[in-house]
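Here is the structure we will look at, set down as structure tokens.
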Amino acid sequence: MELFFRKDLLEYREPGHPESPQRLAAIIDFLEKKSSNRFNDFEAISDSELQNVHSQRLINLVKENKFFDPDTPNIPDIYRYACLSAGGAIAAACKALDKCDACALIRPPGHHAGREFLGGFCYFNNMALAVRHCLKTIKKVAVLDLDGHHGNGTESIFKDDDNVIYISIHQAWAYPGTGTSSFSNCYNFPVPAGTGFSDYKICLVEAIGLIRRFSPDILGISLGFDTHINDPLLEFCFQDSDYYHMAKMIASSVSMPAFIILEGGYDVQSIGNAFYCFFSGWKQIRK
Ligand SMILES: [Zn+2]
Numbered sequence: 001m002e003l004f005f006r007k008d009l010l011e012y013r014e015p016g017h018p019e020s021p022q023r024l025a026a027i028i029d030f031l032e033k034k035s036s037n038r039f040n041d042f043e044a045i046s047d048s049e050l051q052n053v054h055s056q057r058l059i060n061l062v063k064e065n066k067f068f069d070p071d072t073p074n075i076p077d078i079y080r081y082a083c084l085s086a087g088g089a090i091a092a093a094c095k096a097l098d099k100c101d102a103c104a105l106i107r108p109p110g111h112h113a114g115r116e117f118l119g120g121f122c123y124f125n126n127m128a129l130a131v132r133h134c135l136k137t138i139k140k141v142a143v144l145d146l147d148g149h150h151g152n153g154t155e156s157i158f159k160d161d162d163n164v165i166y167i168s169i170h171q172a173w174a175y176p177g178t179g180t181s182s183f184s185n186c187y188n189f190p191v192p193a194g195t196g197f198s199d200y201k202i203c204l205v206e207a208i209g210l211i212r213r214f215s216p217d218i219l220g221i222s223l224g225f226d227t228h229i230n231d232p233l234l235e236f237c238f239q240d241s242d243y244y245h246m247a248k249m250i251a252s253s254v255s256m257p258a259f260i261i262l263e264g265g266y267d268v269q270s271i272g273n274a275f276y277c278f279f280s281g282w283k284q285i286r287k
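My numbering numbers the first residue of the sequence shown as 1 and each following residue consecutively.
Next comes the structure, spelled out in structure tokens:
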């Protein structure tokens with residue numbers, strides 16, 4: 001699996017905010033300590049490519065720092081960082097178009113951002129931008145959202161799009177309160193607080209079945225580690241080793257190339273090893 005990361009994504013911060021640079025730094029430190037992983041570079045997304053998903057109004061609000069959202073801080077230069085993050089997602093998707101699995105280790109996350117709105121620490125929707133980029137050359141993409149929150153932004157962008165299915169497993173009634181039922185091409189698996197991997201796995205098997213039936217050219221995975229037992233924002237009960245089994249299950253059950261995009265996960269002590277477990281599990285099955 002090819003990894004995409006740029007050091008400047010660690011530059012911005014909002015004091016006291018859970019979406020800290022330490023999260024991503026912990027993942028990178030762990031990968032560097034455990035093995036000699038090379039990180040691929042990438043460029044920021046262009047203005048015109050942002051318009052494939054977002055309204056010009058939202059793009060301008062972020063560019064000109066003219067927005068207010070308590071969760072999604074108005075940080076100087078956040079437009080540049082959000083464009084870089086989306087660029088990483090697109091670079092990973094391009095690798096998948098070349099039939100090679102890839103993972104974008106990026107921040108800010110994206111799955112709560114919709115065409116017209118930002119929110120939930122997300123400015124632009126990295127996954128949606130990557131999927132739209134893929135759909136210029138291929139026909140079908142499945143999105144599997146394994147962050148512990150529902151990806152309301154991604155769902156709203158792709159609902160009723162015949163070329164995409166959106167599947168999410170998330171904690172019921174947690175932020176943002178959406179994803180309570182399935183409709184059209186959107187498949188939602190809300191699970192109760194306290195869910196561990198043994199129960200989660202039942203939903204994951206169903207999700208994999210949906211992907212296999214849809215038979216996409218490419219699979220995009222929104223990967224979050226806020227399903228970890230130590231996560232401060234949600235109440236899942238995953239242990240580090242569960243991410244190893246989760247990755248093995250997915251990698252062994254589907255055959256299409258996959259790109260993975262980092263979304264949430266806010267326990268700085270756990271996220272490094274949790275990601276490393278996922279990465280190791282994936283590499284057990286596919287390169
Ligand atoms: Zn999340």
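By construction, the Cβ of each residue, glycine as well, lies at the ideal position given by its N, Cα and C atoms.
Because the structure is a prediction, the values reported are computed rather than measured.
(message) So, for residue 54: in the same chain, excluding its five sequence neighbours on each side, which residues have a beta-carbon less than 7 Å away from its beta-carbon?
(response) 115, 124
(message) Comparing C-alpha positions only, which one of 207, 272, 258, 148 sits nearest to residue 286?
(response) 258
(request) Give the DSSP-derived three-state secondary structure of residue 40 in the structure shown. (result) strand
(request) Put residue 117 into one of helix, strand or coil per three-state DSSP. (result) coil
(request) With a floor of 4 residues, list each alpha helix (DSSP H) that falls wholly inside the stretch 176–244, ordered by position along the chain. (result) Runs of the alpha helix (DSSP H) spanning 4 or more residues and lying entirely within the stretch 176–244 occur at 197–214, in chain order.
(message) Contact between the stretch 11–30 and the stretch 75–91 is defined here as three or more beta-carbon pairs at a separation below 8 Å; is this criterion met?
(response) yes
(message) With the cut-off set at 8 Å, would you say residue 238 and residue 105 are in Cβ contact?
(response) no
(request) Measure how close the beta-carbons of residue 171 and residue 236 come, nearest whole angstrom, since I'm counting them as under 8 Å. (result) About 6 Å; that satisfies the 8 Å criterion.
(message) So, under 8 Å CB-CB, residue 68 and residue 276 are touching, yes? Tell me the CB distance rounded to an integer number of Å.
(response) About 37 Å separates the two Cβ atoms, so there is no contact after all.
(message) In the DSSP assignment, the alpha helix (DSSP H) including residue 262 goes from what residue to what residue?
(response) Looking at the DSSP string, residue 262 is not in any alpha helix (DSSP H); the run it does join, the beta strand (DSSP E), is 258–262.
(message) For ligand 1, is there any heavy atom lying closer than 7 Å to the beta carbon of residue 19?
(response) Checking every heavy atom of ligand 1 against the Cβ of residue 19, none is found closer than 7 Å.
(request) Leaving aside the five residues before and after residue 41 along the sequence, list all residues of the same chain whose C-beta is less than 7 Å from its C-beta, in chain order. (result) 6
(request) Tell me where the beta strand (DSSP E) around residue 171 begins and ends. (result) 164–171
(request) For residue 228, verify whether its CB is less than 7 Å away from any heavy atom of ligand 1. (result) No - ligand 1 has no heavy atom lying nearer than 7 Å to the Cβ of residue 228.
(message) Quick check: residue 147 and residue 166, are their CB atoms within less than 8 Å of each other?
(response) Not a contact, by the Cβ cut-off of 8 Å.
(request) Mind the definition here: the stretch 32–41 touches the stretch 133–144 only if three or more C-beta pairs lie below 8 Å; say whether that holds. (result) no
(request) Quick one: which unbroken alpha helix (DSSP H) runs of 4-plus residues sit fully inside the stretch 69–129? Chain order, please. (result) The stretch 69–129 contains these whole alpha helix (DSSP H) runs: 78–97.
(message) Using C-beta distances below 7 Å, list every residue in its chain close to residue 283, excluding the 5 sequence neighbours before and after it, in chain order.
(response) Excluding positions up to five away in sequence, the list reads 1.
(message) Quick check: is any heavy atom of ligand 1 less than 7 Å from the C-beta of residue 147?
(response) yes
(request) Please report the Cβ distance between residue 126 and residue 159, rounded to the nearest whole angstrom; I am assuming they are in contact, meaning their Cβ atoms lie under 8 Å. (result) Cβ-Cβ separation between residue 126 and residue 159: approximately 18 Å, too far for a contact (criterion under 8 Å).
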